[in-house]
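Heads up, the thing below is written out as structure tokens.
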Amino acid sequence: MSLTARESLDNPRVADAGLARELLYRMKRIRMVEEAIAERYPEGKMRCPTHLSIGQEAVSAAVGMALRAGDFAVSGHRAHGHYLGKGGDLKKMIAEIYGKATGCSGGKGGSMHLIDRDVGFMGSTAIVASTIPVGVGLGLSIRLRGGDQISTVFLGDGAVEEGVFFESANFAALKKLPVLFVCENNFYSVYSPMRVRQPPGRSIHAMVGSLGVPSESGDGNDVVDVYTRVRSAVEEIRNGAGPRFFEFTTYRWREHCGPNFDNDIGYRSQDEFLSWKSKDPIERLEGQLVGTGALGKEDIGRMEADIRHEVEQAFAFAESSPFPSADETFTHLYKD
Amino acid sequence: MRVINFAKAINEALACAMEADQRVICYGLGVDDPKGIFGTTLGLQDRFGEDRVFDMPTSENAMTGVGIGASMNDIRPVMTHQRLDFFLLAMDQLVNNAAKWYYMFGGQQSVPITIRLILGRGWGQGPTHSQNLQSWFAHVPGLKVVMPTTPADAKGLLLSSIFDDNPVVFLEHRWLHNVEGDVPQGDFWVPIGKAHLLEEGDDLTIVSMSYMTIEALHATAHMKALGVGCDLIDLRTIMPLDWEAIAVSVRKTGRLLVLDTASETGSFAGEVIARSAMHLFDVLKQAPRRIAMPDFPSPTSPALTRGYYRGAADIVRVTSEMLGQDLKPDAAEKNRQSPHDVPGDWFKGPF
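So the protein sequences, as listed, match chains C and B.
First residue of the first sequence: 33, per the numbering used here; consecutive thereafter.
First residue of the second sequence: 370, per the numbering used here; consecutive thereafter.
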């Protein structure tokens, strides 16, 4: 893209239609996969805690597209989007949630422990902030081994309250490691709102900037803007500029863990949800592309049909795959 | 062979590993300071450079995670803490990540990291500078836990740990750093998971680890002179446990005394005794015994530590009770010239 994202959005007719189409496709794919999970979750066949990122797809799609397959990424409990955005195998992810032998972790990890080393997705784990230093360590390994890879750490607004975040950011800044921190601020840690967790007026990105990691914030529902800014930062990191931190505001539509909507239980309001839903990153880009004639309704229909077909195949693969044998409970304790 | 001390043996193992393999790095608070972690890391930075040997921020948890992440991209980190107690800040990374990664991702990615932790006793180290928490680590599936006693085992087991494909918690007792012994030169490995029979005898099996093995050596020498022979098994590794070595000995002697450097309840000695009761009940002539530290934090004043720490006299006293003989426990430590709260005259503090 030759124009800045802001110019593109202000004047969508000049946006790079091929790029925007790809971003739209990636967001829709994550959304449709997770909606299928939500729809089928009550069947009781996906027997593990599952954290959906519906509403937050823009960051996953944009960051994944800004990275190379050889770059590393780690994430936390809400990682389906990050895994898919990075190029992780969909069939293996669904099979993992089903606890099948063909899953990306052979059924030992479930939704919260995804890995696809072929595309540099080095692991997601369930403890808040726990993979942040792991991602920084991958950055250290890149420094020691040479090369222009980068390591990406996906985290949430709760993770920046953990001590290990400060320790990790400090070390990344100290050693100028090739690490991209991507913080999705969705304003809630489970049910706990920002006001009970951080003082009024706190700016996460400004705070991180003060640690020595150049930081900025952005609209996490504006996929073209996220892509453009991250893409530029990635090139700087590759060229030795050291770590960068992004805070992208966005919103989780469904409950913290599970398939349902939960605006009725009292920790947040229906109005708040609807206000964020009106900023749906997918509708926003789709509207622009259709409005400018860059994509027709039929193009969108074909895109959705392709994704639907892929999702159905992935679920069929998971359903038809065998469970791991009982012996597998007692393997992989130590590597021989 | 030549005689060197335990600290020098550790230093040799680190140098040997770093010389042999570019992937090995060594970091921790003070690894490049003038004292070099009790001498164990002296000279390494000069020899291998600041990229591979470096001091670190006071960030135990993140720096453990950094080692874990680096190990996933073919680096072999050796991390060192001058006191185990500080490493408690890193239990999340150790337990939730290092110990789990290989299993929870279906065997795709192991975490070959070695974490050297120094534990101890005496010299006023007190409640938060001398904890012996090996049973915590042994309780977490996926970790290997190594506790050498002799300088040769320190060298050989550290080399095995660094090149093991799994996370290894390598526990060095501060009171062993000046212990001298024959240590092979060059590349010398001792396998993880194999105990070492240090003394042989038919009357009693003593199972021990780390510094308590030194006390046991004094005790068995004293008792040997009185005609009582003991098998002394130095575990060297507590996880995986060399159960076969224990079983073979107990089947011979029918009596078991287990020593532990940690407080008694929930100790690793308890695990050894539980297994013996379950699997060797028919050969045991009497109830097994254990000698561990009291179920209290370790105090600071020498007036208080005198009654806290256990040593050779305690071993002889319990053996006397088990065998129904007076083995003169009070005389077991008669050759000890240094005060009870230091490992020897060489130790002048401050830590």
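Note that beta-carbon positions come from the ideal geometry of N, C-alpha and C, so glycine has one too.
Note that the structure is predicted; figures quoted are calculated from it, not measured.
Going by other Cβ atoms of all chains shown within 10 Å of its Cβ, with 16 needed for buried, is C/Q345 buried or exposed?
Numbered from its first residue, the first sequence carries residue 345 of chain C at position 313. It is exposed - the Cβ of C/Q345 has fewer than 16 other Cβ atoms within 10 Å.
Could you spell out where the alpha helix (DSSP H) holding C/F153 opens and where it closes?
Position 121 of the first sequence, counted from the start, is the residue given in the question as residue 153 of chain C. Where C/F153 is concerned, there is no enclosing alpha helix (DSSP H), although the beta strand (DSSP E) it sits in stretches over F153 to S156.
Can the beta-carbon of B/P540 be found closer than 8 Å to that of B/V515?
On the second sequence, position 171 is the one that residue 540 of chain B refers to. On the second sequence, position 146 is the one that residue 515 of chain B refers to. For clarity, residue 540 of chain B is Leu in the given sequence; the question names Pro instead. It is a contact, given that the beta carbons lie within the stated cut-off.
For B/M432, would you say it is in contact with chain C, using Cβ-to-Cβ distances shorter than 8 Å as the test?
Against the second sequence, residue 432 of chain B aligns to sequence position 63. Chain C, which has a Cβ nearer than 8 Å to the Cβ of B/M432, makes this yes.
Run through chain B and tell me which residues come within less than 9 Å of C/T157, C-beta to C-beta.
Your numbering for residue 157 of chain C matches position 125 in the first sequence. Here the neighbours are N465, N466, K469, W470 and M473.
Let me check understanding here. Comparing Cα to Cα, which of B/P426, B/A643, B/G475 and B/V435 lies closest to B/P657?
As a position in the second sequence, residue 657 of chain B is number 288, starting the count at 1. When only C-alpha atoms are compared, the closest one is B/A643.
C/S40: buried (16+ other C-beta within 10 angstroms of its C-beta) or exposed?
Numbered from 1 along the first sequence, position 8 holds the residue referred to as residue 40 of chain C. Because the pLDDT at C/S40 is just 42, under 50, the model does not fix this residue reliably, and the value given afterwards should be weighed accordingly. So C/S40 ends up on the buried side.
Assign C/Y299 to buried or exposed, taking buried as 16 or more other Cβ atoms, counted over all protein chains shown, within 10 Å of its Cβ.
As a first step, residue 299 of chain C is located in the first sequence; it is residue number 267 there, counting from the start. C/Y299 counts as exposed, since fewer than 16 other beta carbons sit within 10 angstroms of its beta carbon.
Tell me which same chain residues have a C-beta within less than 8 Å of the C-beta of C/A205, skipping the five on either side of it?
Taking the first residue of the first sequence as 1, we reach residue 205 of chain C at position 173. So the qualifying residues of the chain are L243, G244, V245, G274 and P275.
Got a sec, what are the start and stop residues for the alpha helix (DSSP H) C/I269 sits in?
Here residue 269 of chain C corresponds to residue number 237 of the first sequence, with the count starting at 1. Where C/I269 is concerned, the enclosing alpha helix (DSSP H) stretches over V255 to R270.
In this structure, does DSSP put C/F203 in helix, strand or coil?
On the first sequence, residue 203 of chain C is found 171 positions in, with the first residue counted as 1. C/F203 falls in the helix class under three-state DSSP.
Burial state of C/K309 (16 or more Cβ within 10 Å)
Looking up residue 309 of chain C in the first sequence gives position 277. C/K309 should be labelled exposed.
Run of the beta strand (DSSP E) containing B/G550, from where it starts to where it stops
Stepping through the second sequence from its first residue, residue 550 of chain B is reached at position 181. Unbroken beta strand (DSSP E) run through B/G550: E549 to V552.
Does any C-beta atom of chain C lie closer than 8 Å to the C-beta of B/P663?
As a working mapping, residue 663 of chain B is identified with position 294 in the second sequence. Answer no: the Cβ-Cβ gap between B/P663 and chain C never drops below 8 Å.
Less than 8 Å separating the beta-carbons of B/T519 and B/G475?
By one-based count along the second sequence, residue 519 of chain B stands at place 150. By one-based count along the second sequence, residue 475 of chain B stands at place 106. Cβ distance not < 8 Å, so B/T519 and B/G475 don't count as in contact.
In its own chain, which residues sit with a C-beta less than 7 Å from the C-beta of C/P356, not counting the 5 before and 5 after it?
Position 324 of the first sequence, counted from the first residue, corresponds to residue 356 of chain C. Here the set comprises A133, G138 and G139.
Answer with yes or no whether the minimum CB distance from C/E199 to chain B is below 8 Å.
The residue you call residue 199 of chain C lines up with position 167 of the first sequence. Closer than 8 Å to some Cβ of chain B, the Cβ of C/E199 qualifies, so yes.
Please work out which residues of its chain come closer than 6 Å, Cβ to Cβ, to B/E381, disregarding the five sequence neighbours upstream and downstream, and give them in chain order.
Here residue 381 of chain B refers to the residue found at position 12 of the second sequence. K524.
What are the start and end residues of each continuous beta strand (DSSP E) run of 3 or more residues lying completely inside the region 419-469 of chain B, in chain order?
445-450
Check for me: the beta strand (DSSP E) holding C/C215 runs from which residue to which?
Position 183 of the first sequence, counted from the first residue, corresponds to residue 215 of chain C. Looking at the DSSP string, the run of the beta strand (DSSP E) that includes C/C215 is V211 to N217.
Excluding five sequence neighbours on each side, which residues of the same chain lie with their C-beta closer than 7 Å to the C-beta of B/I607?
Translated into positions along the second sequence, residue 607 of chain B becomes position 238. Same-chain partners within the cutoff: Q503, A507, V514, M516, M578 and F637.
Helix, strand or coil, according to DSSP, for B/I484 in the structure here?
In the second sequence, counting from the first residue as 1, residue 484 of chain B sits at position 115. Residue state, collapsed to three classes: strand.
Opposite B/S645 in the DSSP bridges: which residues?
As a first step, residue 645 of chain B is located in the second sequence; it is residue number 276 there, counting from the start. Answer is none; B/S645 lacks a bridge partner.
Let me make sure I understand the geometry here. Which of B/K621, B/G405, B/T410 and B/H450 has the alpha-carbon closest to that of B/P426?
One-based indexing of the second sequence puts residue 426 of chain B at position 57. Per the Cα distances, B/H450.
Please tell me whether C/L122 has its Cβ less than 8 Å away from any Cβ of chain B.
Counting from 1 along the first sequence, the entry for residue 122 of chain C is found at position 90. So no, C/L122 is outside the interface.
May I have the straight-line CA-CA distance separating C/D331 from C/N253, to the nearest angstrom?
Taking the first sequence and counting its residues from 1, the one referred to as residue 331 of chain C is at position 299. Taking the first sequence and counting its residues from 1, the one referred to as residue 253 of chain C is at position 221. Straight-line Cα distance between these residues: approximately 22 Å.
Note down the Cα distance separating C/E66 from C/G250, rounded to an integer number of angstroms.
The residue labelled residue 66 of chain C in the question sits at position 34 within the first sequence. The residue labelled residue 250 of chain C in the question sits at position 218 within the first sequence. Each residue's Cα considered, the two are about 24 Å apart.
Please tell me whether B/S499 and B/L488 are closer than 8 Å, where the distance is taken between their beta carbons.
Numbered from its first residue, the second sequence carries residue 499 of chain B at position 130. Numbered from its first residue, the second sequence carries residue 488 of chain B at position 119. B/L488 sits close to B/S499, with the two beta carbons spaced by under 8 Å.
For B/G491 and B/Q711, believed in contact at Cβ under 8 Å, the rounded distance:
Mapped onto the second sequence, residue 711 of chain B falls at position 342. Mapped onto the second sequence, residue 491 of chain B falls at position 122. First, the amino acid is wrong: residue 711 of chain B is Val here, not Gln. 6 Å between Cβ atoms; contact.
Chain B partners of C/L172, CB-CB under 8 Å?
Translated into the one-based positions of the first sequence, residue 172 of chain C becomes position 140. Simply V435, G438, A439 and I444.
Look at the Cβ atom of C/V151, then the Cβ atom of C/G119, and state whether they are nearer than 8 Å.
Here the question's residue 151 of chain C lines up with position 119 in the first sequence. Here the question's residue 119 of chain C lines up with position 87 in the first sequence. Against a cut-off of 8 Å, the Cβ pair of C/G119 and C/V151 comes out as a contact.
What do you get for B/I482, buried or exposed, if any count of 16 or more other CB atoms within 10 angstroms of its CB means buried?
Taking the second sequence and counting its residues from 1, one reaches residue 482 of chain B at position 113. Buried, since its Cβ has 16 or more Cβ neighbours within 10 Å.
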